[in-house]
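Down below is the structure, laid out as structure tokens.
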Ligand code: AKB
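Residue numbers (the numbering used here): 50 to 371.
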């Protein structure tokens, strides 16, 4: 991995993956592409920024050739809750961006990383210690795209030899760009709301619903470690279960309240998010990732909360100063 193109670089993962890749591979070797003009401007402050609509195959291919790219990180996607508002758009974007990535990778000898998700599982998947290989019958368009994407990526590997690799991300907790349109977003939003005046957060996910979560530094390491892994050790490719913690809203809020005693929480459950979160695993078994490429998360619940509160408070102070 020497010349890298990150597609959808302005989103929650991309804004932190780009500097992580720059640190590991050099600033000149990372091209950050996004559809939105304002985002491209922002990216250009610290990276090689390019405007790209991932659905425009000709422009996508031109960019790969122009920079002699050898690895594509395809992050363009509509998330689970937003996808239910416009299933057709979710299918077109999520599958279109992936198909372009795979075909361009095939023609230009690139490796491809596309995130899968806990959303690839469905209500009849075992919810506890969800196995790597198990029943996958999701009932969201996001999940349907994720399962299709995993199969398509494995197909491009076996049929055309494209080096495709992927992880099933849990909810990613981070303090860079906000997530948007996901079911696990509550676990990020709460940190921003709870430090505001009033110290209150209203949660749209039911209080007893467990979901897997991961802190961004672990998520970033997972991506680069998997892409650097010796291919001879990989029994699986698309996609690996990975997780570093599992909690429900009640447990997360109790742990935050220990640090901010005046914090208060209530619930205004969104039926779409309730149905989606109920269908996802409570806790995945990530032993295949540990065995095949050495996955080993470093951040647990308490360290994550302390770090998030510190970072989000600093962001708030910086904004107030401007
Ligand atoms: C979502 O909630 O849709 C995403 C995911 C778990 O894939 N954060």
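The C-beta atom is built at its ideal place from N, Cα and C for all residues, glycine as well.
Keep in mind that this is a model prediction, so the values were computed, not measured.
Find out if the Cβ-Cβ distance for the pair residue 202, residue 161 is shorter than 8 Å.
Taking 8 Å as the Cβ cut-off, residue 202 and residue 161 qualify as a contacting pair.
For residue 160, does the three-state DSSP call read helix, strand or coil?
Strand at residue 160.
Residue 235 to residue 299, Cα distance in whole Å?
Straight-line Cα distance between these residues: approximately 12 Å.
Comparing the CB of residue 197 with every heavy atom of ligand 1, is any distance shorter than 7 Å?
No, the beta carbon of residue 197 sits no closer than 7 Å to any heavy atom of ligand 1.
Thinking C-beta only, is residue 350 closer than 8 Å to residue 304?
Yes. Within cutoff.
With residue 286 as the anchor, note down where its alpha helix (DSSP H) starts and where it stops.
Neither: residue 286 is in no alpha helix (DSSP H) and is coded neither H nor E.
Which of helix, strand or coil does DSSP assign to residue 67?
In this structure, residue 67 counts as helix in the three-state DSSP scheme.
Where do the N-terminal and C-terminal ends of the beta strand (DSSP E) with residue 82 fall, by residue?
Counting along the chain, the beta strand (DSSP E) containing residue 82 begins and ends at 79-83.
Could you check where the beta strand (DSSP E) with residue 337 kicks off and where it finishes?
Note, residue 337: premise wrong, no beta strand (DSSP E); alpha helix (DSSP H) at 336-342.
The beta strand (DSSP E) with residue 251 in it runs from where to where?
249-252 is the extent of the beta strand (DSSP E) around residue 251.
Comparing alpha-carbon positions, which option in 120, 102, 175 and 134 lies nearest residue 79?
It is 120.
Quick check on the DSSP output: what are the complete beta strand (DSSP E) runs of length 3 or more inside the segment 299-335, in order along the chain?
Listed in chain order, they are 313-316.
Using 7 Å as the cut-off, classify the Cβ of residue 328 as near or not near the heavy atoms of ligand 1, replying yes or no.
Checking the Cβ of residue 328 against ligand 1 gives no.
Return the chain-ordered list of same chain residues with a C-beta closer than 8 Å to the C-beta of residue 319, the five sequence neighbours on each side being excluded.
Only 130, 253 and 254 meet the Cβ criterion.
Let me know the secondary structure DSSP gives residue 241 once reduced to three states.
Residue state, collapsed to three classes: helix.
Which residues does DSSP pair with residue 99 in a beta bridge?
Paired residue(s): 82.
Residue range of the alpha helix (DSSP H) that residue 120 falls in?
It is not in any alpha helix (DSSP H) - residue 120 instead sits in the beta strand (DSSP E) that spans 120-123.
From residue 208 to residue 360, what distance separates their C-alpha atoms?
Residue 208 and residue 360: Cα-Cα distance of roughly 45 Å.
Where does the unbroken alpha helix (DSSP H) through residue 223 begin, and where does it stop?
Neither: residue 223 is in no alpha helix (DSSP H) and is coded neither H nor E.
Does any heavy atom of ligand 1 sit closer than 7 Å to the C-beta of residue 232?
Yes, the Cβ of residue 232 comes within 7 Å of a heavy atom of ligand 1.
Check whether the Cβ atoms of residue 195 and residue 231 sit closer than 8 Å, and answer yes or no.
Cβ distance not < 8 Å, so residue 195 and residue 231 don't count as in contact.
Determine the direct distance from the alpha carbon of residue 222 to that of residue 240, and round the result to whole angstroms.
Answer to the nearest angstrom: the Cα atoms are 10 Å apart.
Measure the beta-carbon distance from residue 149 to residue 82 and round it to whole angstroms, keeping in mind my assumption that it falls under 8 Å.
That pair is no contact at about 12 Å.
Please confirm whether residue 354 and residue 308 have their CB atoms less than 8 Å apart.
Yes, Cβ-Cβ distance for residue 354 and residue 308 is below 8 Å.
Using beta-carbon positions only, say whether residue 216 and residue 291 come within less than 8 Å of one another.
Contact: yes.
Quick one: is residue 365 buried, meaning 16 or more other Cβ sit within 10 Å of its Cβ, or exposed?
Label assigned to residue 365: exposed.
Taking 7 Å as the cut-off, is the C-beta of residue 128 nearer than that to any heavy atom in ligand 1?
Answer for residue 128: yes, Cβ within range of ligand 1.
Find the nearest neighbour of residue 61 within the set 77, 70, 108 and 124, judged by alpha-carbon distance.
Ranking 77, 70, 108 and 124 by Cα distance to residue 61 puts 124 first.
Hey, residue 187 and residue 171 are a contact pair by Cβ (cut 8 Å); roughly how many whole angstroms apart?
So it is a contact: roughly 4 Å between Cβ atoms.
Less than 7 Å separating the Cβ of residue 62 from some heavy atom of ligand 1?
No, the beta carbon of residue 62 sits no closer than 7 Å to any heavy atom of ligand 1.
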